[in-house]
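*Asks:* The structure that follows is given in the form of structure tokens.
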Amino acid sequence: MLKKWFFRSKRKRKQKEVVHEVGFQADKRPLQKNLDEMIHSIRHELGDCPDLVVRMFHVGHKQIRRVAAIYIEGIIDEEKVNDFVARSLLLESVEADAPRGKGSTTSQVKWIYNMIWKRALTVGDVKDINEWNGMIYCILSGDVVILIDGCATAIVGSTRGGETRSISEPKTEVNIRGPLDSFTESIGTNTSLIRRRLKSPNLRLERMRVGKISQTEISLIYLKGIAEDRLVAEIKQRLNDIQIDAILESGNLEELVQDETFTPFPTVFNTERPDVAVGNLLEGRIALLVDGTPNTLILPTTFSQFFKAAEDYYQRFDFAVFMRLIRYFSFFTLLLLPSIYISVTAYHHEMIPTPLAINLVAQREGVPFPVVFEALLMEVAFETMREAGTRMPRAVGQAVSIVGAVVLGQAAVEAGIVTAMMVIIVAFTGIASFTMPGFTLATSARLIRFPMMLAAATLGFYGVIMGVILLVAHMSSLRSFGIPYLSPFAPFGFKHQKDTIWRIPFKKPTTRPDMKNSVHHDVSSSSSQSSQK
């Protein structure tokens, strides 16, 4: 045991060292005053990339001073650069001139700097930078950097843009009633979608960069006064502790910040719907937006959260309760139906009604395989068709999945490989997996049902019961940023059951989830109970 721990810790140290060597070092050196040397250094730093644009301007007609606008084409807003940067610099450079006097060089540079800052650069966000690493990051992010010959401070104008995907309907979280917009790959657009719905001064947004090479921008969003302060601090600490080269998607970040790694259950909720993210913010949770992906992470997460759909809050409460019961029933059907069928047919024949038992025996008369092999074969075939339908072109993927399932199922029954009852069970199990709004939990159930089937084939109902007990025990031990994964079911609190399996009407007094009482002592806050919504 000690030997394994030693080698594991040694591997972790090596991985951290490798990541540290691959990532570029933080360069805090000041900028140079010589414009030619600065341009040469920038070109060298970026590898003489062909999409780097360096546009030179001559400011003044009596005392000429060179100015350079530097940006990367393709990731900037071309119209904004042309109208509010280039044209403004050209007009100001012709109409204005620096005053003459003592200390002409210093005063001229200072005058040109103030002229560009206050008059020429008319973009919305303007800032100055005097260190190398910050300037390079701004160029690579799509900003335009203005350098003045003789000045060691760069002026940065916000011109980020380029071709991005427009706001469209959600692809995975489809609804009948409610908003039809979804997050995009632009973190600025995603932030605006949240601000449109929450016009509150208590909405807090903090940005940071993660990834030594990718420098991926991440936004941490929460409502001050509702979200627990120590929970916010814990998430910030975990983000700051990340040592990795690149964050390419929110799934990378999810694995790095979650409490438990070796568990089949998702402990971080993700959504592509702005209304779902806003609803969770109002409950005291925290949203993590990752630049380059439409999937937003919601922290902390509980088991019941994966059964809630945005549409539950846009329809009558009685219908929402009915649909939630359907989702819970579908989850347990997906998880246990194949294993229960194996247990009944292999060990507990006396539990089957006589007419049905005679029918099943007649169906299995020509099947050469045991029932567990039959179930595993059909489940693997169904998962293969599901994956093929997902990866195929959209025009033919759905047709191939439906036709393949019907044709293969009918052919397998006629060939005597499987029984018709097994085809029905696998089909019903597959349909049940599509009823849950949180598809990540459905994926976990699809994975867990295979060991459950093996347990049923080994011990019958005793194996199924033992598997369920182990699952419940494992889920009870899980934490999501200190909050018990099964709360408010375990630990149970009757007053916190108002929005779990059922949803009470909006006219009744409702309170936010009690994050304080559920949070582990490492993350809990000493603040008062959450106020009423």
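If you're matching positions, the sequence shown starts at 1 in full-length UniProt numbering and goes up one per residue.
Using N, Cα and C, we set each Cβ at its ideal position, and we do this for glycine too.
All of these numbers come straight from a predicted model, not from anything done at the bench.
1. Sorted by chain position, which residues of the same chain lie with C-beta nearer than 6 Å to residue 447's C-beta, five sequence neighbours on each side aside?
2. CB-CB under 8 Å to residue 445, same chain, minus the five flanking residues each way: which ones, in chain order?
3. Could you check what DSSP says for residue 259 in three-state terms: helix, strand or coil?
4. Taking the alpha helix (DSSP H) that residue 485 falls in, what are its first and last residues?
5. Who are residue 53's beta bridge partners in DSSP?
6. Is it buried or exposed, residue 354, if we count other Cβ atoms within 10 angstroms and call 16 or more buried?
7. Run through the DSSP bridge pairs and tell me what residue 270 is partnered with.
8. By Cβ distance, which residues of its chain are closer than 6 Å to residue 455, with the 5 residues on each side in sequence left out?
9. So residue 363 packs on residue 421, CB below 8 Å; how close in whole Å?
10. I need the boundaries of the alpha helix (DSSP H) containing residue 308, first residue and last residue.
11. Note down the Cα distance separating residue 80 from residue 207, rounded to an integer number of angstroms.
12. Cβ atoms of residue 267 and residue 485: under 8 Å apart, would you say?
13. I need the DSSP call for residue 503, collapsed to helix, strand or coil.
14. Between which two residues does the alpha helix (DSSP H) holding residue 134 run?
15. If the criterion is Cβ atoms closer than 8 Å, does the pair residue 145 and residue 76 meet it?
16. Along the alpha helix (DSSP H) that carries residue 378, what are the first and last residues, could you check?
17. Going by C-alpha to C-alpha distance, which of 233, 252 and 46 sits closest to residue 71?
18. In angstroms with no decimal places, state the Cα-to-Cα distance between residue 131 and residue 154.
19. Quick check: the Cα distance between residue 343 and residue 412, rounded to an integer number of angstroms?
20. What does a CB cutoff of less than 6 Å around residue 551 pick up in its chain, not counting 5 residues either side in sequence?
21. Just verifying my parser: in three-state terms, what is the DSSP assignment at residue 208?
22. Alpha carbon to alpha carbon, how far is residue 225 from residue 65? Give it in angstroms, no decimals.
23. Can you tell me which of the three DSSP states residue 22 falls into?
24. Taking C-alpha atoms, which residue in 368, 49, 147 and 478 lies nearest to residue 302?
25. Is there contact here, the segment 204 to 218 with the segment 169 to 184, by at least three beta-carbon pairs under 8 Å?
*Replies:* Taking the geometry as given:
1. Within the sequence shown, the letter at position 447 stands for residue 447. So the list reads 264, once near-sequence residues are dropped.
2. As a first step, residue 445 must be located in the sequence shown, where it is residue number 445. Hits under 8 Å: 331, 334, 335 and 433.
3. Here residue 259 refers to the residue found at position 259 when the sequence shown is read from its first residue. Looking at residue 259 - three-state DSSP - the assignment turns out to be coil, as it is neither helix nor strand.
4. Indexing the sequence shown from 1 puts residue 485 at position 485. Counting along the chain, residue 485 falls outside any alpha helix (DSSP H), and DSSP gives it neither H nor E.
5. Numbered from 1 along the sequence shown, position 53 holds the residue referred to as residue 53. DSSP lists 71 as partners of residue 53.
6. Reading the sequence shown from its first residue, position 354 is the one you call residue 354. Per the 10 Å Cβ criterion, exposed.
7. Taking the first residue of the sequence shown as 1, we reach residue 270 at position 270. According to DSSP, which records beta bridges pairwise, residue 270 is partnered with 297.
8. As a first step, residue 455 is located in the sequence shown; it is residue number 455 there, counting from the start. Around residue 455: 463 and 467.
9. Walking along the sequence shown from the start, residue 363 turns up at place 363. Walking along the sequence shown from the start, residue 421 turns up at place 421. Sure, about 6 Å apart at Cβ, within 8 Å.
10. For this step, residue 308 is matched to residue 308 along the sequence shown. Segment: none, residue 308 is in no alpha helix (DSSP H) and carries neither H nor E.
11. Residue 80 sits at position 80 when you count from the first residue of the sequence shown. Residue 207 sits at position 207 when you count from the first residue of the sequence shown. For residue 80 and residue 207, the distance between alpha carbons rounds to 24 Å.
12. Residue mapping note: residue 485 aligns to position 485 of the sequence shown, counting from 1. Residue mapping note: residue 267 aligns to position 267 of the sequence shown, counting from 1. Yes. Within cutoff.
13. Residue numbering aside, residue 503 sits at position 503 when the sequence shown is read from its first letter. It is a strand residue.
14. Taking the first residue of the sequence shown as 1, we reach residue 134 at position 134. Unbroken alpha helix (DSSP H) run through residue 134: 132 to 141.
15. For the purposes of this step, residue 145 is identified with residue 145 of the sequence shown, where counting begins at 1. For the purposes of this step, residue 76 is identified with residue 76 of the sequence shown, where counting begins at 1. Not in contact: residue 145 and residue 76 (Cβ atoms no closer than 8 Å).
16. Translated into the one-based positions of the sequence shown, residue 378 becomes position 378. Start and end: 371 to 391.
17. As a first step, residue 71 must be located in the sequence shown, where it is residue number 71. Checked all of 233, 252 and 46; the closest Cα to residue 71 is 46.
18. As a working mapping, residue 131 is identified with position 131 in the sequence shown. As a working mapping, residue 154 is identified with position 154 in the sequence shown. When rounded, the distance between both Cα atoms is 9 Å.
19. Here residue 343 refers to the residue found at position 343 when the sequence shown is read from its first residue. Here residue 412 refers to the residue found at position 412 when the sequence shown is read from its first residue. Rounded to the nearest angstrom, the two C-alpha atoms are 22 Å apart.
20. Lying outside 1 to 533, the shown extent of the chain, residue 551 is not represented and no answer is given.
21. Your numbering for residue 208 matches position 208 in the sequence shown. In this structure, residue 208 counts as strand in the three-state DSSP scheme.
22. In the sequence shown, the residue the question calls residue 65 occupies position 65. In the sequence shown, the residue the question calls residue 225 occupies position 225. Looking at the two C-alpha atoms, the distance is approximately 52 Å.
23. Locating residue 22 in the sequence shown gives position 22, counting from the first residue. Bear in mind that the predicted position of residue 22 carries a pLDDT of just 38, short of 50, making it too unreliable to give a figure here.
24. Against the sequence shown, residue 302 aligns to sequence position 302. Checking every option, the nearest Cα to that of residue 302 belongs to 478.
25. no
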